[in-house]
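I have placed the structure first, in the form of structure tokens, so that the comments after it can refer back to it.
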Amino acid sequence: MKTTIVILILSIFATIGMATDFTIESFKAEVKELEDNAAIASLSQLYIEGTEDVDLIRTVQTQWQQTDSDGAFAYFEMQFKKNPKSAQAVYYFGRLQDSPLDKIKLGRKAIELDKKWPYGYRLVLAPYSGLFSGREKPDNLELLMAELSNDAKYYRKLIKLVPDETYPLEFFYQYLMYSEKYKKALKTLDKRKAINPKSVSDRDYAVTFARLGKFDKALDFSRKMTDSALENERIKPEEYIQMLNRYHVGALRQAEAYEQIISWYKNQEGHENNGAALYDMACYYSLSGKSDLALASIVNAADQGWNEVNHLKRDSDLNSLHNNPGWENAVNKVQAAWDSGADERRKYTLESKFEKDAPEWALTNVAGDTVRLSDFRGQVVILDFWATWCGPCRLAMPVLDNYVQNEKPDGVQVFSINVWERDPEKAKDFFEETGYGMTLLYGHNDLSKMYEFTGIPYICLIDKNGRIRYEEKGYGEALGESLITWTEDLLK
10 MKTTIVILIL SIFATIGMAT DFTIESFKAE VKELEDNAAI ASLSQLYIEG
60 TEDVDLIRTV QTQWQQTDSD GAFAYFEMQF KKNPKSAQAV YYFGRLQDSP
110 LDKIKLGRKA IELDKKWPYG YRLVLAPYSG LFSGREKPDN LELLMAELSN
160 DAKYYRKLIK LVPDETYPLE FFYQYLMYSE KYKKALKTLD KRKAINPKSV
210 SDRDYAVTFA RLGKFDKALD FSRKMTDSAL ENERIKPEEY IQMLNRYHVG
260 ALRQAEAYEQ IISWYKNQEG HENNGAALYD MACYYSLSGK SDLALASIVN
310 AADQGWNEVN HLKRDSDLNS LHNNPGWENA VNKVQAAWDS GADERRKYTL
360 ESKFEKDAPE WALTNVAGDT VRLSDFRGQV VILDFWATWC GPCRLAMPVL
410 DNYVQNEKPD GVQVFSINVW ERDPEKAKDF FEETGYGMTL LYGHNDLSKM
460 YEFTGIPYIC LIDKNGRIRY EEKGYGEALG ESLITWTEDL LK
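Going by our numbering, the letters in the sequence shown line up with residues 10 to 501, in that order.
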């Protein structure tokens with residue numbers, strides 16, 4: 010095996026040529042031809058040691074980490090220990106740290122070593138942007154935010170170092186929005202747009218104007234986004250109002266302009282007969298502290314057919330209602346609406362049946378054994394493609410687990426296939442923590458092409474003859490019912 014990899018890498022090197030020919034494009038092209046993680050690791054090391062292009066090394070490092078996180082970490086840790094006074098070695102090692110605090114500390118060290126090199130500043134500031142956006146919520150959040158006062162000075166220093174780049178201004182914009190300095194944030198958006206118009210979105214302007222209380226201006230930019238979606242045929246004309254609502258309400262929500270959202274809905278023609286709109290209004294009444302109006306709006310939504318009772322129970326917007334005497338009645342109303350639609354949902358589920366070949370695969374389980382799809386010919390197979398970072402996946406998995414534990418008949422196999430995960434060990438840890446009953450398998454990047462999905466969770470059911478007959482893209486409230494309906498049909 011090692012001989013094969015060496016020959017392969019030598020062949021790659023001969024094809025690419027001298028180190029000066031190494032590019033992001035050539036690396037991506039070569040990686041596509043490799044399936045073995047050891048070969049990808051060897052190619053990654055070849056590129057890293059053959060170039061000084063920081064963006065190329067960042068790209069290579071990210072790919073290596075995705076395929077072999079332990080190997081990538083060990084390599085860059087070794088480089089860091091060999092070159093502790095190299096800002097570059099410190100930076101690359103810092104990028105691989107899980108802890109935002111560790112990233113920041115190593116970023117500061119890189120700045121100390123080379124104050125004119127922008128990437129040290131980038132390493133310090135990037136974790137804060139993750140926090141401002143809500144993408145990251147570490148356990149040591151308070152400790153981390155306490156560090157921000159020490160690092161705020163780096164925003165302007167980074168802008169001065171690379172005045173023609175937009176990413177420092179993006180970092181600064183996020184900081185200003187977090188600091189509630191909205192006028193300065195708006196000016197920063199304008200500066201970014203002057204450098205590169207494509208670096209700023211209409212959504213950024215809509216949210217910023219909403220934060221400033223200039224709701225008409227926010228609406229103008231929401232209309233621009235909706236007009237663009239219509240012109241580019243991403244939506245149909247009849248979907249215009251729905252998309253405008255999504256954009257405008259989204260901007261107002263980020264500004265916590267709940268009263269403005271309620272007024273917006275009230276001005277919508279026919280809102281009183283729209284169950285989804287009435288439910289949304291209930292959420293914003295709740296967030297505004299108007300519990301009685303919120304509960305009444307939930308009941309009205311149920312009367313108009315809104316029935317997503319599980320969503321109702323877990324919606325954090327409604328937490329303030331849970332101790333209200335009227336909460337139980339509201340839940341019961343929505344539950345009754347859900348129950349009354351069971352026959353129609355079953356009919357719709359069965360009508361979605363189709364037929365196509367299920368691509369064969371051979372994947373590894375947690376014990377290291379190879380599992381093949383063809384091993385289960387003659388049984389019904391449920392595949393759940395997921396990742397630990399995927400919020401909708403985490404909603405679907407308890408439903409799948411309940412099915413496995415309480416509903417699954419003989420002759421059905423359920424596999425949760427982990428895909429698009431930077432560190433596959435996280436999948437194993439997640440299953441150990443939750444005790445889920447599905448069989449965990451480690452997937453690879455080609456599965457999304459093979460099974461033709463672009464988002465997760467993607468759930469499909471394969472019949473006894475190896476044909477895909479049902480699928481669900483994303484998470485739906487009826488998943489538990491659908492699993493029972495699907496398997497009953499395919500076991501006939």
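All C-beta atoms, glycine included, are put in the ideal place defined by N, C-alpha and C.
1. Taking 8 Å as the threshold (C-beta atoms), are C292 and L327 in contact?
2. Quick check: T197 and F181, are their CB atoms within less than 8 Å of each other?
3. Tell me which same chain residues have a C-beta within less than 6 Å of the C-beta of I477, skipping the five on either side of it?
4. Assign R104 to buried or exposed, taking buried as 16 or more other Cβ atoms, counted over all protein chains shown, within 10 Å of its Cβ.
5. Ordered along the chain, which non-local residues of its own chain (more than five positions away) have a Cβ less than 8 Å from that of F102?
6. Could you say which of K118, F394, S295 lies nearest to K482 if we only look at CA atoms?
7. Using a 10 Å radius around the Cβ and a threshold of 16 neighbouring Cβ atoms, would you call M459 buried or exposed?
8. Let me know the secondary structure DSSP gives V390 once reduced to three states.
9. For the stretch 118-132 and the stretch 159-178, state whether three or more C-beta atom pairs, one from each stretch, are separated by less than 8 Å.
10. Going by C-alpha distance, which of Y249, E121, K112, Q183 is nearest F141?
11. Please determine if the stretch 271-278 and the stretch 308-319 are in contact, where contact requires at least 3 C-beta pairs separated by less than 8 Å.
12. Taking the DSSP output, what are the residues bridged to T379?
13. Using a Cβ distance threshold of 8 Å, determine whether the stretch 413-433 contacts the stretch 489-498, with at least three qualifying pairs required.
14. Among D384, R403, E441, E461, whose alpha-carbon lies nearest the alpha-carbon of G475?
15. To the nearest angstrom, report how far apart E42 and G464 are at their CA atoms.
16. Report yes if the CB atom of E430 is closer than 8 Å to the CB atom of T397, and no otherwise.
17. Bridge partners for C469 per DSSP, in chain order?
18. So T496 and V389 are in contact, right, with Cβ under 8 Å, and what is the actual spacing, rounded?
19. Which same chain residues end up closer than 6 Å to S53 when comparing Cβ atoms and leaving out the 5 residues on each side of it in sequence?
20. Give me the residue from P109, D498, S138, Q344 with the minimum Cα distance to L153.
21. Taking A135 as the reference, which of L122, V318, L167, G80 has the closest Cα?
22. Measure the C-alpha to C-alpha separation of N46 and E442 and round it to an integer number of angstroms.
23. Give me whichever residues DSSP pairs with S425 in a beta bridge.
24. CA-CA distance, W347 and L488?
25. Measure the C-alpha to C-alpha separation of Y484 and A264 and round it to an integer number of angstroms.
26. At what residues does the alpha helix (DSSP H) containing A405 begin and finish?
27. On the DSSP bridge list, what partners appear for D366?
28. What did DSSP end up calling I307 once you bin it into helix, strand or coil?
29. Just reading off the alpha helix (DSSP H) that F385 is part of, what are its end residues?
30. Ignoring anything shorter than 4 residues or poking outside the stretch 86-173, list the alpha helix (DSSP H) runs there in chain order.
31. Any idea what DSSP makes of V258, helix, strand or coil?
32. Pick out whichever of Q269, L321, G279 has its Cα sitting closest to the Cα of S297.
33. Closer than 6 Å by C-beta to Y267: which residues in its own chain qualify, once you throw out the five before and the five after it? Chain order, please.
34. Hey, could you find the ends of the alpha helix (DSSP H) H320 is sitting in?
35. Can you grab the Cα-Cα spacing for the pair A215 / I426, in whole Å?
36. Can you give me the C-alpha to C-alpha distance between W126 and L170, rounded to a whole angstrom?
The answer reads as follows:
1. yes
2. yes
3. The residues are K365, A367, C469, I471.
4. buried
5. F85, E86, Q88, F89, L115
6. Checked all of K118, F394, S295; the closest Cα to K482 is F394.
7. exposed
8. strand
9. yes
10. Ranking Y249, E121, K112, Q183 by Cα distance to F141 puts Q183 first.
11. no
12. T373
13. yes
14. D384
15. 23 Å
16. yes
17. Looking at the DSSP output, C469 sits in a beta bridge with L392, E480.
18. 6 Å
19. V69, W73, listed in sequence order.
20. P109
21. Closest by alpha carbon: L167.
22. Straight-line Cα distance between these residues: approximately 27 Å.
23. DSSP, once it has assigned bridges, lists D393, L449 as partnering S425.
24. 13 Å
25. 28 Å
26. 400-411
27. R476
28. helix
29. Unbroken run through F385: none, as it is neither H nor E.
30. Unbroken alpha helix (DSSP H) stretches of 4 residues or longer found wholly inside the stretch 86-173: 96-104, 109-122, 127-142, 150-160, 162-170, given in chain order.
31. helix
32. Q269
33. Y293, L296, S297
34. 318-323
35. 39 Å
36. Distance between W126 and L170, taken at the CA atoms: about 8 Å.
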